[in-house]
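Just below is one structure, and these are the notes that go with it.
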Amino acid sequence: MCFGIRGKIFSKGIEISYKWFTFFPADDKISCMKKQVMPAIAPLKGCIEIPSDKSISHRAVIFSSLAKGRSVIKNFSAGADCVSSLNVCRNLGVNINYLDDKTIEVISDGNLKEPSEPLDCGNSGTTMRLMSGILAGQNFNSVLIGDESLSRRPMKRVIEPLSLMGARITANDNKAPLKIEGERLNGILYRSKLASAQVKSCILLAGLYADGVTSYTEPAKSRDHTERMLKAMGADITVDGNTVVISKSKLAPVQITVPGDISSAAFFITAGLIVPESEILLKNVGVNPARTGIIDVVKRMGGSIELLNEREESGEPVADIRVSYSKLKACDISGGDIPRLIDELPVIAVLATQAEGITVVKDSSDLRNKEADRITTVVNALKLMGADIKERTDGFVIKGKTELKGGCELETFHDHRLVMSFYVAGLVSKNPIVIDGFEWSKISFPGFENLMESLGVG
Ligand code: S3P
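In terms of our numbering, the sequence shown opens at residue 1055 and continues consecutively.
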């Protein structure tokens, strides 16, 4: 089915042409929709529950598929990426059932079975990179495939260290599809040049199946959900600073409640800070210190942000976050900050357009390897909206505070985080904007717009 409307809207004297298209192909995988975002005319006020953490949901379903017994995962993400991980595990013979719309049970005998077809990771880099580490050490062959965006993303970062462990992976130009011939692996001592949790997790998971010890050192600390969860599941794993050591282990099943995703909360944190008079309470957000870079940046910018009711749930720190409209000043973001807020940088760019002074973001060239090139796309979009932003090879420089004019259509290249970042920019622009590919927000955040609307947007 394909449905489309074309037309024009007039707002505050500006004429915007729009197209609204939705395609529902047989497999419901592709969707293309243009969304008009109106400037917020009232403060955002209220208390909302942020949906489930994507990184933790991936790990919960994948790791419990490796454990002998029955695991229960509460508040499992409904995002398309995590559903890709779930389906890949099912296609490897694991019995996974929904107990309700947010709870799954995973029943496994601890062994994966040879898949009868290629394993489709969809848009999800986390699925492909984590699964490649697991599949490399199995006694069967498999093929990992992904969508157009994932098939362009670099896989050398996992192929190289896995090959050092004895893995046999064939890929054209180090890109998906990855053809993996199961092999006996040996442990390695690996120093990564990248602070990437996906690469780290891939090697640690391969280490679960490898003979001998695997030691992985990263240049700066990336998110450590893998280390926490594997430890809780009984793996032989130790962490010392930026080095993790793991040995062959069997995993025990778990009961996990996944917290809210701070990367999703980031859109509401930003909106709350920049839409005048707003005040928002975000409930149950994961505040793992390897993920809270955005909170530190907001504090450095002088923003009003508070953690309340801090607690630990299923081995992860959790809190409620109160944020309110603030006068912001620019700050520098670089080095060890970057892995702690890598996914939040597009929306932090929006934040910086509303901060007084020059915000410099450095050391983040890996943003170019995400679902889209997040440096060029953010710079082009915000420039089009009227921001004073300059592109650097490894980041951007933003001079604020600028009024965003809007009145334009923004390309997002099917990147969920760009879609939602630009939506937030639209809330503080003078004229409406149109966002291309709005549907892609479902990759990590189904219901994003409804939640915004519940705070008074629209
Ligand atoms: C993730 C790690 C990060 C992040 C991605 C999720 C994870 O990627 O950008 O959205 O769950 O491990 P890199 O490891 O490529 O930095």
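For each residue, glycine too, the CB sits at the ideal point set by N, CA and C.
Can you tell me which residues form a DSSP beta bridge with F1499? By 1-based counting over the sequence shown, the position of residue 1499 is 445. Beta-bridge pairing links F1499 to no other residue.
In terms of residues, what are the limits of the alpha helix (DSSP H) holding R1471? Numbered from its first residue, the sequence shown carries residue 1471 at position 417. From DSSP, the alpha helix (DSSP H) with R1471 extends over 1470–1481.
Length of the line joining the Cα atoms of I1375 and F1322: Within the sequence shown, the letter at position 321 stands for residue 1375. Within the sequence shown, the letter at position 268 stands for residue 1322. Those two C-alpha atoms are separated by around 10 Å.
Measuring straight from C-alpha to C-alpha, what distance separates L1248 and R1113? The sequence position of residue 1248 within the sequence shown is 194, counting from 1. The sequence position of residue 1113 within the sequence shown is 59, counting from 1. Cα to Cα, L1248 sits roughly 20 Å from R1113.
Could you pull the start and end residues of the beta strand (DSSP E) that S1269 belongs to? Numbered from its first residue, the sequence shown carries residue 1269 at position 215. Its beta strand (DSSP E) spans residues 1267–1271.
Here's the rule I'm using: 16 or more other beta-carbon atoms within 10 Å means buried, otherwise exposed. How should L1243 be labelled? Walking along the sequence shown from the start, residue 1243 turns up at place 189. Its Cβ having fewer than 16 others within 10 Å, L1243 is exposed.
Quiz: which residues have CB nearer than 5 Å to the ligand S3P non-hydrogen atoms: S1109, T1180, S1250, A1251, Q1252, I1396, D1397
Inside the stretch 1202–1268 only - beta strand (DSSP E) runs reaching at least 3 residues: Listed in chain order, the complete beta strand (DSSP E) runs (minimum 3 residues) inside the stretch 1202–1268 are 1222–1226, 1229–1235, 1243–1245.
Got a sec? Which residues, its chain only, sit under 7 Å from P1169 by beta carbon, not counting five neighbours each side? On the sequence shown, residue 1169 is found 115 positions in, with the first residue counted as 1. Answer for P1169: N1145, L1146, S1196, listed in chain order.
Roughly how many angstroms lie between the CA atoms of V1414 and K1453, to the nearest whole one? Taking the sequence shown and counting its residues from 1, one reaches residue 1414 at position 360. Taking the sequence shown and counting its residues from 1, one reaches residue 1453 at position 399. If I take the Cα positions, the gap works out to 9 Å.
Below 7 Å between beta carbons: does that hold for N1177 and S1217? Looking up residue 1177 in the sequence shown gives position 123. Looking up residue 1217 in the sequence shown gives position 163. No; because the gap between Cβ atoms is not below 7 Å, this pair is not in contact.
Around the Cβ of S1388, are there at least 16 other Cβ atoms within 10 angstroms (buried) or fewer (exposed)? The residue you call residue 1388 lines up with position 334 of the sequence shown. Exposed, because fewer than 16 other Cβ atoms sit within 10 Å of the Cβ of S1388.
V1404 and I1334 closer than 7 Å at C-beta: Indexing the sequence shown from 1 puts residue 1404 at position 350. Indexing the sequence shown from 1 puts residue 1334 at position 280. No.
Under 8 Å, with one C-beta from each stretch per pair, do the stretch 1114–1123 and the stretch 1155–1167 reach the 3-pair mark? yes
Counting only the same chain and skipping the five closest in sequence on each side, list residues whose C-beta sits under 6 Å from that of S1131. If you number the sequence shown from 1, residue 1131 lands on position 77. The residues are S1106, K1108, S1111.
Report yes if the CB atom of L1232 is closer than 7 Å to the CB atom of L1198, and no otherwise. As a working mapping, residue 1232 is identified with position 178 in the sequence shown. As a working mapping, residue 1198 is identified with position 144 in the sequence shown. Contact flag set, yes.
From the DSSP output, in three-state form, read off I1104 for me. Here residue 1104 refers to the residue found at position 50 when the sequence shown is read from its first residue. In this structure, I1104 counts as coil in the three-state DSSP scheme.
Anyone know if the C-beta pair for A1256 and V1212 falls short of 7 Å? Residue mapping note: residue 1256 aligns to position 202 of the sequence shown, counting from 1. Residue mapping note: residue 1212 aligns to position 158 of the sequence shown, counting from 1. The residue you asked about is not Ala; residue 1256 is Cys in the sequence shown. For C1256 and V1212, yes; Cβs fall inside 7 Å.
With H, G and I counted as helix, E and B as strand and the rest as coil, what does DSSP make of G1179? By 1-based counting over the sequence shown, the position of residue 1179 is 125. Helix, per DSSP.
Distance between beta carbons of G1314 and G1340, contact taken as under 8 Å: By one-based count along the sequence shown, residue 1340 stands at place 286. By one-based count along the sequence shown, residue 1314 stands at place 260. 6 Å between Cβ atoms; contact.
According to DSSP, is S1419 part of a helix, a strand, or is it coil? Stepping through the sequence shown from its first residue, residue 1419 is reached at position 365. Correct three-state label for S1419: helix.
Once the 5 residues before and after I1127 are set aside, which same chain residues still bring their CB inside 6 Å of it? As a first step, residue 1127 is located in the sequence shown; it is residue number 73 there, counting from the start. Closer than 6 Å at Cβ, skipping near neighbours: A1114, I1158, I1310.
Using alpha carbons as the reference points, say which of D1427, S1483, T1456 lies closest to H1468. Here residue 1468 corresponds to residue number 414 of the sequence shown, with the count starting at 1. Comparing Cα positions, the closest option is D1427.
Given that a residue counts as buried once 16 or more other Cβ atoms are within 10 Å of its Cβ, and exposed if not, what is T1292? By one-based count along the sequence shown, residue 1292 stands at place 238. Exposed, since its Cβ has fewer than 16 Cβ neighbours within 10 Å.
Would S1483 be called buried (16 or more neighbouring beta carbons within 10 Å of its own) or exposed? What you label residue 1483 is simply residue 429 of the sequence shown in a count that begins at 1. S1483 comes out buried.
D1374 - partner residues in DSSP beta bridges: The residue labelled residue 1374 in the question sits at position 320 within the sequence shown. According to DSSP, which records beta bridges pairwise, D1374 is partnered with L1362.
Whole-angstrom distance between V1267 and N1141, CA atom to CA atom: Locating residue 1141 in the sequence shown gives position 87, where the first residue counts as 1. Locating residue 1267 in the sequence shown gives position 213, where the first residue counts as 1. Their Cα atoms are separated by approximately 31 Å.
Best match in T1324, K1167, I1234 for proximity to A1409 [C-alpha to C-alpha]: Counting from one through the sequence shown, the residue named residue 1409 turns up at place 355. The shortest Cα separation from A1409 among T1324, K1167, I1234 belongs to T1324.
Buried versus exposed call for D1153 [16 or more other C-beta atoms within 10 Å across all chains shown]: Against the sequence shown, residue 1153 aligns to sequence position 99. Residue 1153 is actually Leu in this sequence, not Asp. Counting Cβ neighbours within 10 Å, L1153 comes out exposed, since fewer than 16 surround it.
Close beta carbons around L1505, own chain, < 7 Å, minus the five adjacent residues each side: What you label residue 1505 is simply residue 451 of the sequence shown in a count that begins at 1. Excluding residues within five positions, the ones whose Cβ falls inside 7 Å are I1102.
At what residues does the beta strand (DSSP E) containing E1159 begin and finish? Start at 1 with the first residue of the sequence shown, and residue 1159 comes out as number 105. Per DSSP, E1159 belongs to the beta strand (DSSP E) from 1157–1163.
When DSSP builds the beta bridges, which residues end up paired with E1463? Position 409 of the sequence shown, counted from the start, is the residue given in the question as residue 1463. According to DSSP, which records beta bridges pairwise, E1463 is partnered with V1488.
Assuming the contact rule is C-beta atoms closer than 8 Å, T1407 and T1447 should be a hit. Round their C-beta distance to whole Å, please. Here residue 1407 refers to the residue found at position 353 when the sequence shown is read from its first residue. Here residue 1447 refers to the residue found at position 393 when the sequence shown is read from its first residue. Not a contact, Cβ separation roughly 21 Å.
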